[in-house]
Amino acid sequence: MTAETTDRRASAPSYPLLLAGLAVAALACLAGSVATGYAPLDLKAATGDLLAGRQSLPALVLLELRLPRALLGLLVGFSLGLGGAAMQGLLRNPLAEPGVIGVSAAAALGAVLVFYTGLAGSFALALPLGGIAGAVLATLMLLALARRGAGTMTVILAGVAISSAAGALTALALNLSPNPYAALEIVFWLMGSLADRSLDHVWLVLPPMAVGWALILAGARALDALTLGEDTAASLGFDLGRLRLQLIAGTALAVGSAVAVTGAIGFVGLVVPHLLRPLVGHRPGRLLLVSGLGGAVLVLLADIGLRLVRVQPELKLGVVTAVIGAPFLFSLIWRLRRSA
Amino acid sequence: MALLLGLVVAATPALARPHRIVSLNLCADALVLRLADRADVRSVSWLARDPENSVVAAEAASVPVNHALAEEVAALQPDLVVVGAFTARSTVALLRRLGMPILELRVPQDLDGVRAQIRQVAAAIGQTERGEAMIAAMDDRLAAIRRPASPPLAVVLRPNGFTAGRGSLVDEILRQAGIRNLAAEQGLENFGEIPLERVALSGVRLLILNQPENRAPSLGEAVLDHPILAALPDLHMVRVPARLWTCGGPEVADAAALIAAAARQAEGEGP
Amino acid sequence: MRIDATGLRLALGGRPVLAGIDLALAPGELVGLIGPNGAGKTTLLRVLAALQAPDAGTVRYDGLPARQLGRDRLARGLAVLMQGDEVQWPLRADHLVALGRLPHRRVLGGMSPADHAAVTRALDAADAAHLRRRTVGTLSAGERMRVLFARALAVEAPMLFADEPVAALDPFHQLQIMELLQARARAGAGVLVVLHDLALAGRFCDRLVLLQGGTMLADGPPQEVLTDDHLRRAYAVEVQRGERDGIGYVLPWSRIAAPER
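Protein chains in written order, with our numbering: chain W, 1 to 340; chain F, 1001 to 1271; chain X, 2001 to 2261.
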């Protein structure tokens, strides 16, 4: 009786087609983000000038303001989507994502400590490293608190604990900074923003992110095997200790460096994998790349949206993703509660 | 030109000069220390001694300081307490209830407001002649400013991308310096944000920043180091010490002079 | 693949679980691992599958220890069907069975035609071919077990371990799974299955290994292992014996008042 309905559902779009579609969407959103701004910009002229090497004002704005913002949206969105899918695959829990499990908040704390003590001023790479360190610490704490077989409740609670602690320490660090502006900047760190970023930020985070992506994507097959439980996955030839390390390191590198330059943008890693999972037949391995591209699309769209809504002061990106993501989380929990 | 008068709330003892003046606010400190006799000043705020932010740091060195706490002030038994608009309301209310004479200073919105405030303080402390002298000195300073022949386009950039638009004291200072204020031309009223994109596309010639206030970093101040500002062609930068125009005292004339000199340099006219 | 274990000892949480086990497994026989609760059956299976390291003793696969053999060769040589039927994500049955091909697939490779053929063979052998497009969550317990079994078959490994594959199934499906395991052994694989059901164990297995308290009480053909004496000592039960179609069977009948444990 159910064979009919499942047959229809079972014909998900082909994987290469899905990837191509998402990649095109991501590039389109990238272009859209470059085209969106605070002042009218003749894109054609600016691009022409840029390619010809002419340092006209529109070319400068394109290169130094529009492009970094769009590129960061792409890179950060990709990292968050990928990190979310990786965490959900590893923890075997659909509610896991860097924001919910406290990794983003801890990364923000690491970055705050490095930035406001002036370390980042003397050694630029210190900033993403601070974010990465925070992320690593949080993931290790999470694994310690919610070991094998831990249910959803434990994972969420551990994440809440880590998030709260990290948020409080971040506020404390900002308060203790001798700079009076610091205390007001907590909104950036906890809600995230792509505004006024530069190409320097892009170059700074690209290397650790790329390494992180590679580590995570290399774990695709192992995540598939993990569907059947740790013992079966081990019997299929996968080293689980190494997989855990690999995914933690990868997520910490990608998400940690993202948070270090844009603050903690939440819910992307929760919403995107959940929406796209049915399109890959629920296979965690395939979900990785698909989530990354979906995350890029979501972040870019949100960033375009908040620039079109002319509110003063400007909406923070994390606010937009939270407005989308929090109700989503509610509905997820509601459904899990009913099935549990 | 609209004159903005600060409110004189409590009745000062008629005709007699106050001899135990206490100032709770940095801007008030500057006026009090310059207009009153040293012996008449009992205490100024602790910020007055900071050479970065205070124009009367030297004068305040020998004067006791307070932290604007009601008990401190009460113990001094002042016959005039000068407060600012941002002094804690609860402290001011408490002092009023204790029956102390309070003079509350607002932030002047234009040069007429600056003059009116000088007169107001001078009257309250019984030194009207010194007040007039201070105003005359400021006006002389303003008249002596050599403005650039053709006013360049400039913008004031504060942390977090804030700027001063039409109707603010900063705007009038800029006009005195002989430059065009980008924010005012784009229709910004008073204070608000200006996106870096608009700054970059507008073709500004002069960027006006405060001198770096803090050695510890902040994101808001990091925006002022955005690479695009360094990349803009023909962009000159001038850093104004914050103490010159934070308070809206007579020293704003020095700020205007500084900016005018920078503007002439930007236009290639020489200092 | 031959598996030879000698002197296995393992203590968990201070308690000895395996207290000196020697065991040899060869292709072509269906070996039943039986014993009372807490005898160490699952632990022994996990140690033999290199999922858990013993405190003492060795396990050799075709003469080599696991480390020397390497994860990949071990994964291709030994398929394990663990207890329970938890599948984390609602996969389609054929995708789930395809997971069994992971040990054979290249790192960046997809499924080759050979892999697809193996999946089809496995589904056919497990009598689950008609379920291939169904989502696992919509299957009944018996169907799900067969799909998971197909997954283990898809590895096409010379050795197959199964930990209580029939525990939650109805009689029809219990018999079906036991028949499938037997067919596998007849086809040349070595099969080790942990069982609680003495009747099934006696009927289908070529050889039985009886564990009690971490030691091996008996190892041999069912008629030698399922003696009254062994069963009293191991299970503290009296059994009723019967025979049908020339095959003997035992039914646990009554409990012994004073257990000799």
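Glycine is no exception: its CB is placed at the ideal position from the N, C-alpha and C atoms.
Using a Cβ cut-off of 9 angstroms, pull out every chain W residue sitting near residue i, in sequence order please.
i	result
F:Glu1052	Within 9 angstroms Cβ-Cβ: nothing; F:Glu1052 doesn't reach chain W, min ~13 angstroms.
F:Leu1157	Those do not exist, as F:Leu1157 stays about 12 angstroms from chain W at its closest Cβ, beyond 9 angstroms.
Looking at the C-beta of residue i, does it have a partner C-beta in chain W at a distance below 8 angstroms?
i	result
X:Ala2049	yes
X:Gln2088	yes
F:Glu1221	yes
F:Glu1193	yes
X:Arg2067	no
X:Met2111	no
F:Ala1272	Because chain F spans 1001 through 1271 in this model, residue 1272 of chain F falls outside it and cannot be assessed.
X:Met2082	yes
X:Ala2150	no
X:Arg2071	yes
X:Arg2092	yes
For residue i, would you say it is in contact with chain X, using Cβ-to-Cβ distances shorter than 8 angstroms as the test?
i	result
W:Gly294	no
W:Arg283	yes
W:Leu269	Per the sequence shown, the amino acid found at residue 269 of chain W is Gly instead of Leu. No - not a single Cβ of chain X is within 8 angstroms of the one on W:Gly269.
W:Leu228	yes
W:Ala10	In this prediction, W:Ala10 has a pLDDT of 45, which is less than 50 and means its spatial position is unreliable; nothing more can be read from the coordinates.
W:Thr154	no
Using a Cβ-Cβ cut-off of 8 angstroms, state whether residue i counts as contacting chain F.
i	result
W:Gly121	yes
W:Asn179	yes
W:Asp196	yes
W:Leu95	no
W:Tyr116	yes
W:Asp49	no
W:Asp200	yes
W:Pro128	no
Round the Cβ separation of residue i and residue j to the nearest angstrom and send it over; I've been treating them as touching at under 8 angstroms.
i	j	result
F:Ala1068	F:Thr1087	6 angstroms
X:Ala2152	X:Ala2128	Wrong, their Cβ atoms sit about 12 angstroms apart, outside the cutoff.
F:Ala1266	F:His1236	4 angstroms
X:Leu2195	X:Glu2164	7 angstroms
X:Asp2062	X:Met2001	5 angstroms
X:Leu2045	X:Leu2064	Contact flag wrong, Cβ pair sits at about 20 angstroms.
W:Val268	W:Ala107	With a Cβ gap of about 14 angstroms, W:Val268 and W:Ala107 do not count as contacting.
Only counting the same chain, and skipping five residues up and downstream in sequence, which positions put a Cβ closer than 6 angstroms to that of residue i?
i	result
X:Arg2261	Summary for X:Arg2261: the model assigns pLDDT 48, below 50, so the residue's position carries little reliability; its value from the coordinates is reported in the next sentence. Cβ within range, chain order: n/a, list empty.
W:Ala120	Val114, Ala126 and Leu127
W:Ile304	Gly32, Ser33 and Thr36
F:Pro1151	Gly1178, Ile1179 and Arg1180
X:Leu2091	Val2136
X:Asp2022	Thr2006
W:Phe328	Val271
X:Ala2218	Leu2210, Val2225 and His2230
Is there a Cβ from chain B that is less than 8 angstroms from the Cβ of residue i?
i	result
F:Gly1203	The structure shown contains no chain B; the protein chains it does contain are W, F and X.
Whose Cβ in chain X lies nearer than 8 angstroms to the Cβ of residue i?
i	result
W:Leu217	Going along chain X, no residue has its Cβ under 8 angstroms from W:Leu217, so there is no contact; the nearest lies around 10 angstroms.
Tell me residue i's beta-bridge partners as DSSP assigns them.
i	result
X:Ala2005	X:Leu2023 and X:Val2059
F:Glu1193	F:Phe1162
X:Arg2207	X:Val2031
X:Gly2242	X:Tyr2249
F:Phe1086	BP columns for F:Phe1086 are empty, so no partner.
F:Leu1157	F:Leu1209
F:Leu1105	F:Gly1084
F:Asn1066	F:Ser1045
F:Asn1181	F:Ala1154
Whose C-beta lies closer than 8 angstroms to the C-beta of residue i among residues of the same chain, with five residues either side of it excluded?
i	result
F:Trp1245	Leu1169, Val1170, Ile1173, Glu1251, Val1252 and Ala1255
W:Val136	Ile248, Ala249, Ala252 and Gly256
Can you pull the chain F neighbours of residue i, defined as C-beta to C-beta under 9 angstroms?
i	result
W:Val61	Leu1196, Glu1197, Ala1200, Leu1201 and Ile1228
I want to verify the contact list: residues of chain W whose CB lies under 8 angstroms from the CB of residue i, in sequence order.
i	result
X:Pro2103	Leu236 and Gly237
X:Val2017	Those within 8 angstroms of X:Val2017 in chain W number zero; the least Cβ separation is about 16 angstroms.
Using the beta-carbon of each residue, which ones in chain F are nearer than 7 angstroms to residue i?
i	result
W:Phe188	Leu1219
W:Gly37	Glu1197
Spatial neighbours of residue i within its chain, please: C-beta separation below 7 angstroms, excluding the five flanking residues on both sides.
i	result
X:Ala2075	Pro2103
X:Asp2170	Gly2142
X:Gly2035	Lys2041, Leu2210, Leu2211, Gln2212 and Ala2234
Taking Cβ-Cβ distances shorter than 9 angstroms, what residues in chain X pair up with residue i?
i	result
W:Ala225	Leu2099 and Leu2102
List, in order along the chain, the chain W residues whose C-beta lies closer than 7 angstroms to that of residue i?
i	result
F:Pro1233	Gln55
X:His2320	The question about residue 2320 of chain X has no answer, for chain X in this structure spans 2001 to 2261.
Taking 7 angstroms as the cut-off, does the CB of residue i come closer than this to any heavy atom belonging to the ligand NAP?
i	result
W:Thr36	In the structure on display, the ligand NAP does not appear, and there are no ligands present to speak of.
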